[in-house]
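One structure is given below, encoded as C-alpha cells.
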Amino acid sequence: MKAFLKYLPWFFLALFVTEIGMVMRPKKDTGLYTAEFGRLPVLLNGRIQPLDSVARNSLLQIRSTGDVPLELLPSWQFWRHSKKLKSTEWLLEVCFKPEVADTRNIFLIHHPDIISELKLGDKGIEKSGLRYYPYNDLKPLVKEIFTQSETAAQVESAKQTTFQRQVLKLANAINIYQRLKNSIQPEGTTDFVQLLADYKAALPAGVAAMRAQQSGGDADKEAIQKFMRIGQQFEAAANQSYPRAVPPLDLAGSRDDWLNVSASLLGSIRTLEIPPAAGFYARMAKSYAADDAAEFNAATAGYKNWLVKDFSREANKGRSEFYFNQIKLFLHATIIYIFAFVLAGGALLTFGSWPNVSESLRRAAFYLIGLAFVVHTFALVYRMVLEGRPPVTNLYSSAIFIGWGACVLGLILERIYRVGLGSVMAGLAGFVTLLIAHNLALGGDTMEMLQAVLDTNFWLATHVVVVTLGYASTFAAGSLAMAYVILGVFTPVLSKGITHIELGKALAKMVYAIVCFATLFSFTGTVLGGIWADQSWGRFWGWDPKENGALLIVIWNALILHARWGGLVKDRGLMSLAIFGNVITAWSWFGTNMLGIGLHSYGFMDAAFKWLMLFVGSQVALIVLGSLPLPLWKSFSPKMDSGKPLD
Numbered sequence: 000m001k002a003f004l005k006y007l008p009w010f011f012l013a014l015f016v017t018e019i020g021m022v023m024r025p026k027k028d029t030g031l032y033t034a035e036f037g038r039l040p041v042l043l044n045g046r047i048q049p050l051d052s053v054a055r056n057s058l059l060q061i062r063s064t065g066d067v068p069l070e071l072l073p074s075w076q077f078w079r080h081s082k083k084l085k086s087t088e089w090l091l092e093v094c095f096k097p098e099v100a101d102t103r104n105i106f107l108i109h110h111p112d113i114i115s116e117l118k119l120g121d122k123g124i125e126k127s128g129l130r131y132y133p134y135n136d137l138k139p140l141v142k143e144i145f146t147q148s149e150t151a152a153q154v155e156s157a158k159q160t161t162f163q164r165q166v167l168k169l170a171n172a173i174n175i176y177q178r179l180k181n182s183i184q185p186e187g188t189t190d191f192v193q194l195l196a197d198y199k200a201a202l203p204a205g206v207a208a209m210r211a212q213q214s215g216g217d218a219d220k221e222a223i224q225k226f227m228r229i230g231q232q233f234e235a236a237a238n239q240s241y242p243r244a245v246p247p248l249d250l251a252g253s254r255d256d257w258l259n260v261s262a263s264l265l266g267s268i269r270t271l272e273i274p275p276a277a278g279f280y281a282r283m284a285k286s287y288a289a290d291d292a293a294e295f296n297a298a299t300a301g302y303k304n305w306l307v308k309d310f311s312r313e314a315n316k317g318r319s320e321f322y323f324n325q326i327k328l329f330l331h332a333t334i335i336y337i338f339a340f341v342l343a344g345g346a347l348l349t350f351g352s353w354p355n356v357s358e359s360l361r362r363a364a365f366y367l368i369g370l371a372f373v374v375h376t377f378a379l380v381y382r383m384v385l386e387g388r389p390p391v392t393n394l395y396s397s398a399i400f401i402g403w404g405a406c407v408l409g410l411i412l413e414r415i416y417r418v419g420l421g422s423v424m425a426g427l428a429g430f431v432t433l434l435i436a437h438n439l440a441l442g443g444d445t446m447e448m449l450q451a452v453l454d455t456n457f458w459l460a461t462h463v464v465v466v467t468l469g470y471a472s473t474f475a476a477g478s479l480a481m482a483y484v485i486l487g488v489f490t491p492v493l494s495k496g497i498t499h500i501e502l503g504k505a506l507a508k509m510v511y512a513i514v515c516f517a518t519l520f521s522f523t524g525t526v527l528g529g530i531w532a533d534q535s536w537g538r539f540w541g542w543d544p545k546e547n548g549a550l551l552i553v554i555w556n557a558l559i560l561h562a563r564w565g566g567l568v569k570d571r572g573l574m575s576l577a578i579f580g581n582v583i584t585a586w587s588w589f590g591t592n593m594l595g596i597g598l599h600s601y602g603f604m605d606a607a608f609k610w611l612m613l614f615v616g617s618q619v620a621l622i623v624l625g626s627l628p629l630p631l632w633k634s635f636s637p638k639m640d641s642g643k644p645l646d
C-alpha cells in the first residue's frame with residue numbers, strides 16, 4: 000500500500016504529461032489538405048489570421064461551438080465522442096459546397112418567442128434544451144429577421160429586451176454566414192475556374208470598350224455587356240465578402256492592403272491582370288466541389304508556395320495560429336486544474352485521519368498544478384507572441400491572466416504550507432477563470448485589433464497587468480476564505496495541526512498575506528491607470544464606472560487590513576471580509592461593463608448578468624454560513640478537544 004501511494008503522484012503526472020505530449024504532436028493531413036487550407040492567412044478584424052480562425056470564430060458566433068456535430072447523442076452519454084465537422088471543413092463546405100452547408104444545423108435559437116414567431120417549432124433539432132436550425136429553414140425568413148433586427152437596433156442597448164438582443168444575435172449570425180458564402184467565389188458559382196477564364200477573356204475588350212464609351216468614341220456594346228455581366232457578379236460578392244484573402248500585389252505599399260477575392264478581380268480593370276491568388280482559389284473551389292483531392296491538394300500547396308515568396312511572415316502567422324487553435328492548451332489546462340482540485344480536496348478531507356493517503360493525494364495535486372501552470376504559461380506566452388501584445392488586452396485575456404496569477408499564488412502557498420490548500424485554491428481559480436474565458440470567446444475573435452485608446456504596449460504591460468494581478472490576488476484571498484468556511488462548518492480539519500500551527504490559523508495567515516499583496520497591486524495599478532487616462536483623455540480621474548470599480552477594490556482591501564490591524568475582526572471576520580472581496584472584484588471586473596456607459600467603452604457585455612447575480616448570491620450565502628455560532632462549526636464544536644476555538 001505504501002509503495003502504491005508513493006508512486007501514485009508520479010503516475011498521475013506521467014498520465015497528463017503523456018496526454019499533453021500527444022495533443023501537441025503535429026498532425027499530418029491525409030486525403031484532402033483541409034488543414035493546409037485552414038492555415039492560409041487572410042486579413043480580418045484588422046489582423047492577419049488563418050482561415051481556420053475565421054471559421055472557428057464565425058461558428059462560435061453562429062452556433063456557440065467551434066465545430067459542427069454530425070450526429071445527435073444523448074447528453075448522458077458523455078463518454079461517447081460524436082462525429083464532428085471541424086471548423087475548416089465546415090468553412091470549405093460553406094464556400095465551395097453551399098448546398099451541403101445549408102443543410103447543417105448550425106444556427107442556435109433558444110428564445111421561445113423567436114421560435115414561435117418564426118414558426119420554427121417543428122423544425123431543426125433539439126439538444127440539451129437548445130434548438131439548432133439549418134440555413135435552409137431560415138432562408139425564407141431572412142427578410143423578416145433582418146427587419147426585426149433593424150427595429151431592435153434602434154432601441155438603446157441598455158433598454159433592449161432579451162427578445163430583441165436574441166433577434167440581433169440571430170441576424171448577425173445569418174449575416175456572417177451569407178458573407179462567408181461570398182468570401183472566395185460569388186454565391187451560386189458552379190465553376191469558378193471557367194468564370195475566371197471568361198472574365199480574363201472579356202477583360203481587355205471590355206475595358207477598352209468602356210474607355211472608348213467614356214471618351215465619346217465608338218464602343219463595342221457587346222464586349223461591355225459580356226464584361227459587365229461577369230463584373231456585376233464580382234461586385235455583388237465583393238460587397239458581401241467577409242475576410243480579405245488576397246495579399247497586396249504592390250510590395251512597396253502597405254502589407255495590410257489585402258483585398259477580398261472579388262474586389263481583387265475588380266481591381267484587374269486597372270492592371271488587366273488576374274491576381275495569382277484568385278487563380279489558386281478558383282482551382283481549390285472547383286476541385287473541392289468535384290471531390291478531386293489531387294487537384295485540391297496541388298492548388299493549396301501551389302498557393303502556399305507562391306505565398307511564402309513575398310509573404311512568409313503572414314504565412315508563418317497563419318500556421319502558428321492554426322496550431323494554437325488545434326492543440327487547445329487552455330482547454331487541457333482546465334481539465335488538469337479540475338483533476339488537481341479534486342485530488343487536493345481529497346487530501347484536505349483525509350488530513351489527519353489517513354496521513355499517508357492525504358500526503359499522496361496532496362503531492363499528486365501539487366505536481367498537477369505545476370503541470371497545469373506550465374501548460375497555462377506556455378499557452379499564455381504563445382498567445383502573446385501571436386497577438387504581439389502584453390498578456391491582458393480584453394476581458395477574455397484578463398480571465399486567462401487572472402487564473403494564471405491565482406495559480407502562481409497557489410503554488411507559493413502550497414510550497415510553504417504543504418497541506419493542499421494552495422492546490423485547492425489554484426485548481427478552483429484556474430478552472431473557473433478559464434471557464435469564464437471560454438464563454439467570453441463566444442463573442443468571436445479574441446485577438447482583434449485594439450481600439451486606439453488601448454493601442455499602447457507600455458500601458459498594457461504596466462497598468463493593465465498590475466491591476467489584473469490585483470484582481471487575481473483578491474480572488475485568491477476570497478477563494479481561501481471560502482475554503483475556510485466550508486471546511487470549518489462541514490469538516491473537523493481546521494482544528495488539526497500542521498507542524499506547529501492549526502490549519503485554521505494557517506489559512507488566516509495565507510489570506511492576510513494575500514490581501515497585503517492585493518492591496519499593493521490594486522493600488523499601484525489604479526494609479527498607473529490614472530496616469531494613462533491623463534495622457535489619453537487629459538484627466539487623471541473622471542469617476543468612470545471602471546475607475547470606480549478599481550478604486551472599490553483598493554478601498555475594500557485597505558478596509559480589511561485596517562480591521563485586522565485594529566482588532567475589529569479576528570479569523571472568521573477576516574474570512575467574511577475576504578469573501579465579500581470576491582463580490583467587489585467581480586463587480587469591478589464584469590459589473591461595470593454591464594452599465595454600458597463611460598469612456599472604457601471596450602469590452603462591454605451584459606450576457607453574464609444572471610451568472611454575476613448567482614455568484615454574488617453564493618458569496619453572500621457563504622458569509623451567512625460563516626457567521627453561524629461557533630458551536631455549529633464542526634471544526635470547533637464543543638465535541639472537538641482541539642484547544643481554543645477561533646473567534
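Under numbering that gives the first Met the number 0, the first residue of the sequence shown is numbered 0, with each subsequent residue one higher.
For every residue, glycine included, the Cβ atom is placed at its ideal position computed from N, Cα and C.
Just so we're clear, the structure is a prediction, and the values are computed from it rather than from any experiment.
Straight through space, the alpha carbons of TYR198 and LEU31 are spaced by roughly 28 Å.
The C-alpha of GLY529 lies about 50 Å from the C-alpha of LYS138. Between PHE295 and MET283, the alpha-carbon positions lie close to 5 Å from each other.
Under the three-state reduction of DSSP output, LEU439 falls in the helix class. Close CB contacts of THR161 within its chain, under the 7 Å cut and outside five residues either way in sequence, are with HIS110 (chain order). Distances from the CA of PRO8 to each of ILE559, SER148, ASN355 and LEU621 were compared; the closest alpha carbon is that of ASN355. Annotation: VAL41 is outside any alpha helix (DSSP H); the continuous beta strand (DSSP E) that includes it extends over 40-43. For PHE279, the enclosing alpha helix (DSSP H) begins and ends at 275-288. Burial check for ARG62: the Cβ neighbour count within 10 Å reaches 16 or more, so the residue is buried. With fewer than 16 other beta carbons inside 10 angstroms of its own, TRP564 counts as exposed. In this chain, the alpha helix (DSSP H) harbouring GLU149 covers 141-152.
By the Cβ neighbour-count rule, PRO25 is exposed, with fewer than 16 other Cβ atoms within 10 Å of its own. In the three-state reduction of the DSSP assignment, LYS26 falls in the coil class, being assigned neither a helical nor a strand state. A straight-line Cα-Cα distance of about 16 Å links GLY625 and LEU502.
For ILE268, the enclosing alpha helix (DSSP H) has its first and last residue at 267-270. The distance from the Cβ of ALA346 to that of ALA364 is about 6 Å, consistent with a contact at the 8 Å cut-off. With a contact defined as Cβ atoms closer than 8 Å, MET23 and ILE326 qualify at about 5 Å. Shown here, VAL623 sits in a helix according to DSSP, grouped into three states. Counting along the chain, no beta strand (DSSP E) covers ARG417, and no H or E run does either. Annotated three-state conformation of VAL166 is helix, per DSSP. The bridge partners DSSP lists for LEU258 are VAL245. Its chain contains VAL423, GLY426, LEU427 and PHE430 as the residues whose beta carbon lies nearer than 7 Å to that of PHE340, once the 5 sequence neighbours on both sides are disregarded; these appear in chain order. The beta carbon of LYS633 sits closer than 7 Å to those of VAL488, PHE489, THR490 and PRO491, all from its chain and outside the five residues before and after it, given in chain order. Counting C-beta atoms within 10 angstroms of its own C-beta, PRO628 has fewer than 16 neighbours from the protein chains shown and is therefore classed as exposed.
Remark: C-beta atoms of PHE11 and THR299 do not approach each other more closely than 9 Å. If you draw a 10 Å sphere on the C-beta of GLY187, you find fewer than 16 other C-beta atoms in it, and that means exposed. For GLU70, there is no enclosing beta strand (DSSP E), since its DSSP letter is neither H nor E.
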